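For reference, the structure discussed in these notes is given below.
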Amino acid sequence: MAGITLRNVTKTYGKGKQALQVIHGVNAEIADHEFVVIVGPSGCGKSTLLRMVAGLEEITGGEIDIGGRVVNDLEPAERDIAMVFQNYALYPHMSVFQNMAYGLKIKKVPEAEIKARVDKAAAILELGQLLERKPRQLSGGQRQRVAMGRAIVRQPQVFLFDEPLSNLDAKLRAQTRIEIQKLHRELGITSLFVTHDQVEAMTLAERMIVMNAGRMEQFGTPEEVYHRP
Ligand code: ADP
Ligand code: ADP
Numbered sequence: 001m002a003g004i005t006l007r008n009v010t011k012t013y014g015k016g017k018q019a020l021q022v023i024h025g026v027n028a029e030i031a032d033h034e035f036v037v038i039v040g041p042s043g044c045g046k047s048t049l050l051r052m053v054a055g056l057e058e059i060t061g062g063e064i065d066i067g068g069r070v071v072n073d074l075e076p077a078e079r080d081i082a083m084v085f086q087n088y089a090l091y092p093h094m095s096v097f098q099n100m101a102y103g104l105k106i107k108k109v110p111e112a113e114i115k116a117r118v119d120k121a122a123a124i125l126e127l128g129q130l131l132e133r134k135p136r137q138l139s140g141g142q143r144q145r146v147a148m149g150r151a152i153v154r155q156p157q158v159f160l161f162d163e164p165l166s167n168l169d170a171k172l173r174a175q176t177r178i179e180i181q182k183l184h185r186e187l188g189i190t191s192l193f194v195t196h197d198q199v200e201a202m203t204l205a206e207r208m209i210v211m212n213a214g215r216m217e218q219f220g221t222p223e224e225v226y227h228r229p
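Residues 1 to 229 in UniProt numbering are what the sequence shown lists, from first letter to last.
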């Protein structure tokens with residue numbers, strides 16, 4: 001069970017006269033295994049909402065619950081999430097294998113377990129032949145798959161994607177989108193994906209949360225959202 005529940009979530013930046021409320025009472029229930037896209041114009045609060053789920057931003061009011069557990073007071077490392085950013089940085093001096101294994105090594109996961117997890121992720125992402133290469137010996141698409149591999153090996157209950165495609169050219173964006181869909185079919189990890197791009201949202205979303213000026217305006221399948229009279 002790893003759904004995500006948002007209960008009357010609010011966010012205010014700053015205090016006193018400087019206070020600016022940027023999220024107004026968002027309620028949403030994301031089911032286990034579901035792929036939900038948060039879409040809306042720049043500045044509407046998408047990234048703030050995602051960062052509150054990640055634990056990178058404090059929650060001002062309300063409650064966020066991951067897998068049946070209130071996470072308001074939990075550190076990012078305690079939340080069982082992995083986040084994929086638009087600017088993924090691989091360690092240039094490490095091989096593909098070492099890049100994917102690094103987070104697990106720090107957590108002192110046993111070597112055999114690390115190898116098994118990296119091999120499995122590499123198979124899914126078609127990186128099996130590239131494990132000994134350095135990042136500079138990879139194409140842009142391969143590098144991005146390594147960045148996703150690093151997230152997968154953590155075996156999170158939840159994936160959080162913060163505009164991971166927005167810095168890519170059109171061809172690589174389309175490729176990576178297909179890669180993410182494949183990943184979701186194979187692993188079924190509950191996912192929250194933020195984008196300002198409506199086409200991207202429609203293609204990827206099982207359901208979408210449409211944000212505007214800090215409020216959730218709609219929550220439904222792409223058909224429900226776009227064919228509403
Ligand atoms: P989006 O991701 O939809 O572009 P954001 O969540 O980044 O929107 O921002 C929502 C609002 O909160 C914007 O008005 C933005 O200027 C403001 N904001 C974001 N981060 C901060 C911050 N650290 N301090 C103050 N205001 C912020
Ligand atoms: P550890 O996983 O042992 O905490 P890392 O160096 O992997 O060590 O991560 C340091 C911090 O950054 C931790 O709080 C971790 O949860 C967080 N972190 C690292 N990678 C990710 C990721 N892909 N998604 C979300 N959080 C991450």
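Note that the Cβ used here is the ideal one computed from N, Cα and C, for glycine as well.
These numbers come from a predicted model, not from an experiment.
Look at Val-22: its beta carbon is less than 7 Å from one of the heavy atoms in ligand 1. Straight-line spacing of the CA atoms in Ser-191 and Arg-177 works out to 14 Å.
Classified as buried, Pro-156 has 16 or more neighbouring CB atoms from the shown chains inside 10 Å of its CB.
Inter-segment contact for the region 43–54 and the region 114–131 is absent: fewer than three beta-carbon pairs are separated by less than 8 Å.
The DSSP assignment places complete alpha helix (DSSP H) segments of no fewer than 4 residues inside the region 84–166 at 96–106, 111–124 and 140–152, in order along the chain. Beta bridge pairing from DSSP links Met-216 with Met-211.
Residue pairing by DSSP places Arg-7 opposite Glu-63 in a beta bridge.
Between ligand 1 and Thr-221, a heavy atom-to-CB distance of less than 7 Å is absent. In the DSSP assignment, His-24 falls outside any alpha helix (DSSP H) and within the unbroken beta strand (DSSP E) covering 20–30.
Remark: C-beta atoms of Gly-67 and Ala-2 approach each other more closely than 8 Å. In this structure Gly-45 is not in contact with Ile-81, their Cβ atoms being roughly 19 Å apart against a cut-off of 8 Å.
When the Cα atoms are used, Leu-183 and Val-39 turn out to be separated by approximately 21 Å. Buried is the label assigned to Asn-99, since at least 16 other Cβ atoms lie within 10 Å of its Cβ. When DSSP reads this structure, Ser-191 sits in a beta bridge with Phe-35 and Phe-159. Residue range 46–54 is occupied by the alpha helix (DSSP H) that includes Arg-51.
The shortest CA-to-CA distance from Val-153 to any of Arg-173, Gln-198 and Tyr-102 is the one to Tyr-102. Approximately 17 Å separates the beta-carbon atoms of Glu-29 and Thr-10; this is outside 8 Å, ruling out the contact.
Per the DSSP secondary-structure output, Ile-178 pairs with nothing in a beta bridge.
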